[in-house]
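Here is the structure we will look at, set down as structure tokens.
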Amino acid sequence: MHRKILAIAFISMSSQPSAWARDITFDADVAPIVFKHCSTCHHPNDVAPMSFLSYQEVKPWAAAIRESVLTRKMPPWKADAHFGKWSNDWSLSDREIDTIKTWVDQGKKEGDPKSLPPTPVFTTDWKIGKPDAIIAIPPHTLTATGPDEYEFFTVPTNFTEDKWVVSAELRPGNRKIVHHAHVYITEPPAAKPEAGKAEAPTDPQAVYRKWLIVHEGKLSWIRPEAPVIDDGCVVDDNGYWPGNKPKDDNFGKWGMISSYLPGREPDVYPEGTARKIPAGANVTFQIHYSRATKKPETDVTSIGLIFAKEPPKQVAKRVDLSNLSFRIPAGDPNVEVSECHTFKQDLYMTSLTPHMHLRGKDARFDVMYPDGTKETLLLVPHYNFNWQITYKMSEPKFIPKGTRLSIVSHFDNSPNNPLNPDPTQVVRWGEASEMEMMDGWIEYLDALPGTR
Ligand code: HEC
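Under our numbering, residues 2 to 453 are what the sequence shown spells out, in order.
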């Protein structure tokens with residue numbers, strides 16, 4: 002039966018030139034796909050465990066490759082194709098998938114080496130090019146045993162003038178233990194108050210916030226008895242702590258300049274734009290170390306920065322919207338958590354990144370424009386903590402003032418979630434992977450007068 006359908010398909014396609022009318026070979030047909038879509042990760046010393054740079058390397062994996070592309074598990078790309086257009090969309094077309102499948106089904110032929118495209122060369126150097134500045138953490142040694150560690154390192158930039166960053170690359174020093182890392186800009190620590198003059202915080206918001214957040218060791222989380230707000234859209238608080246209003250002038254001012262996450266590329270800001278690191282600022286590294294080797298390991302993670310030659314026309318900004326007050330009951334397979342924000346200015350969005358931890362299931366970013374029309378910007382139907390992808394818009398997306406963004410996510414705290422570390426736990430906001438986060442990171446540009 003199956004054969005018959007195929008035969009009919011061949012006949013109906015025979016009027017147009019079809020690749021399938023001849024043998025599919027690695028050299029002519031498969032290598033161009035693999036080199037473009039797979040080798041970026043599948044080469045020595047990168048995130049994937051095996052290298053795909055030659056016929057000899059790919060052939061033993063053929064059956065697994067066929068399966069992984071048919072199920073769209075590889076290359077890892079999580080956005081639903083119905084919504085949005087993304088400049089970094091590396092997913093395969095139906096035809097490319099069919100090419101790989103047919104190649105395997107026809108017996109994995111090698112073909113004519115003359116038709117083989119050049120083997121891609123990957124630099125072990127900085128992907129962004131030679132950095133103008135490199136800032137590194139002091140060497141950090143991880144002992145052989147113990148739980149995963151979250152370490153924070155604050156390093157002075159010693160910049161004596163404002164710097165405009167056009168690209169940033171966070172490089173793990175030791176890929177065996179660095180699971181993921183972020184770097185953000187922090188203000189230099191305020192001068193210590195004189196002895197005996199330690200100031201008690203009197204701002205009620207600050208006092209409440211201090212009560213809400215528990216700090217233990219290097220990690221923070223929300224107090225278990227804190228008020229529960231699963232639907233963050235009932236309050237337009239920009240994902241701040243309940244009862245705490247963020248200052249509008251702080252919107253997108255500070256924040257992350259680069260992240261290293263599985264599947265994420267270096268941060269290259271849109272052309273003509275740059276991110277600002279003010280003179281005298283520090284950078285703080287937040288690094289998640291996993292003891293994967295069970296041996297003592299040392300890491301020196303660093304960030305490379307390339308500066309604009311002149312002040313940019315546009316400042317690239319990022320804002321992180323979060324719900325910090327949700328509560329995920331033990332065992333619950335489908336908990337909805339949302340967060341909303343109404344933009345108070347015209348802007349252009351340039352990328353979206355959903356961020357959750359191991360129980361994250363799906364995420365949807367919708368906007369409602371001031372005229373009431375709605376649009377889905379991004380749908381990630383099967384979120385996976387191990388693939389934290391930034392979805393970069395093909396064209397900056399104009400968002401008029403008054404547009405309301407809603408981010409709706411679901412969490413699976415049931416035993417059926419293979420990543421779930423413990424379905425018996427009630428889970429709230431916290432930095433550790435075993436706790437949860439519900440964030441949407443948005444990169445954007447201010448809409449300058451005359452740009453629309
Ligand atoms: C963004 C990086 C990345 C890209 C791009 C990528 N892979 Fe992978 N691949 C990985 C990592 C990491 C693993 C191991 C962890 C895992 O299986 O999730 C992996 C595992 C695999 C496996 C092991 C079996 C399995 O299903 O887990 C196969 C087969 C595979 N990749 C094929 C491909 C093919 C074919 C492509 C291109 C069409 C591709 N990969 C593109 C990172 C990548």
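We treat Cβ as the ideally placed atom computed from N, Cα and C, and that holds for glycine.
In the DSSP annotation of this structure, GLN107 is not part of any alpha helix (DSSP H), being labelled neither H nor E.
DSSP places PRO205 in the helix class (H, G or I) of the three-state scheme. Fewer than three beta-carbon pairs drawn from the stretch 349 to 363 and the stretch 61 to 72 are found closer than 8 Å, and the two stretches are therefore not classed as touching. Note on the stretch 423 to 448: whole beta strand (DSSP E) runs with a minimum of 3 residues are 440 to 447, in chain order.
In the structure shown, PRO355 adopts extended strand secondary structure according to DSSP, grouped into three states. Remark: the shortest separation between the CB of PHE344 and any heavy atom of the ligand HEC does not fall under 8 Å. Excluding five sequence positions before and after LYS375, the CB atoms of its chain that fall closer than 8 Å to its own CB belong to ASP367, VAL368, MET369, given in chain order.
Distances from the CA of SER168 to each of PRO313, LYS60, ILE230 were compared; the closest alpha carbon is that of PRO313. CA-to-CA, the gap between LEU54 and THR120 works out to about 6 Å. Between the ligand HEC and the CB of LEU420, the shortest heavy atom gap is not smaller than 8 Å. One alpha carbon belongs to TRP91, the other to THR203, and they sit about 51 Å apart. Taking 4 residues as the minimum length, the alpha helix (DSSP H) runs contained wholly in the stretch 20 to 108 are 32 to 38, 56 to 59, 63 to 71, 95 to 106, in order along the chain. Secondary-structure assignment with DSSP links TYR384 through no beta bridge to anything.
Considering only MET350, GLN346, ALA182, GLY441, the residue with the shortest C-alpha distance to SER410 is GLY441. Check the Cα spacing between VAL284 and each of ASP95, GLU226, ILE304: the tightest is with ILE304.
If you keep only unbroken beta strand (DSSP E) runs of at least 3 residues inside the stretch 319 to 352, you get 336 to 343. Per DSSP, ALA145 lies in no beta strand (DSSP E) and is assigned neither H nor E. In this structure, ASN418 sits away from ILE329, with a CB-CB distance that is not shorter than 9 Å. Annotated three-state conformation of TRP222 is strand, per DSSP.
GLU152 is bridged by DSSP to ILE288. For the pair LYS177 and ALA293, the CB atoms are nearer than the 9 Å cut-off. Closer than 8 Å to some heavy atom of the ligand HEC: that describes the Cβ of GLU68.
Around the beta carbon of ASP30, 16 or more other beta carbons sit within 10 angstroms, so the residue counts as buried. A distance criterion of 8 Å places the beta-carbon of PRO76 in contact range of the ligand HEC, judged by its closest non-hydrogen atom.
Secondary-structure assignment with DSSP links ASN283 through a beta bridge to PRO157, THR187.
Checking the 8 Å criterion, the Cβ of ILE101 is within range of a heavy atom belonging to the ligand HEC.
Nearest to GLY332 by C-alpha distance, out of GLY112, VAL428, ALA207, is VAL428.
Rounded to the nearest angstrom, the Cβ distance from PHE308 to VAL184 is 16 Å, too far for a contact under 8 Å. By a beta-carbon distance limit of 8 Å, ILE288 contacts ALA182. Their separation comes to about 4 Å. Less than 9 Å divides the Cβ of VAL215 from the Cβ of ILE223. With a cutoff of 8 Å, PRO50 counts as near the ligand HEC, since its C-beta is closer than that to a heavy atom of the ligand. Nearest neighbour of LEU379 by Cα position, chosen from ALA82, ALA32, PRO61, VAL179, turns out to be ALA82. No heavy atom of the ligand HEC is found nearer than 8 Å to the CB of HIS44. For ILE304, the uninterrupted beta strand (DSSP E) segment begins and ends at 303 to 308.
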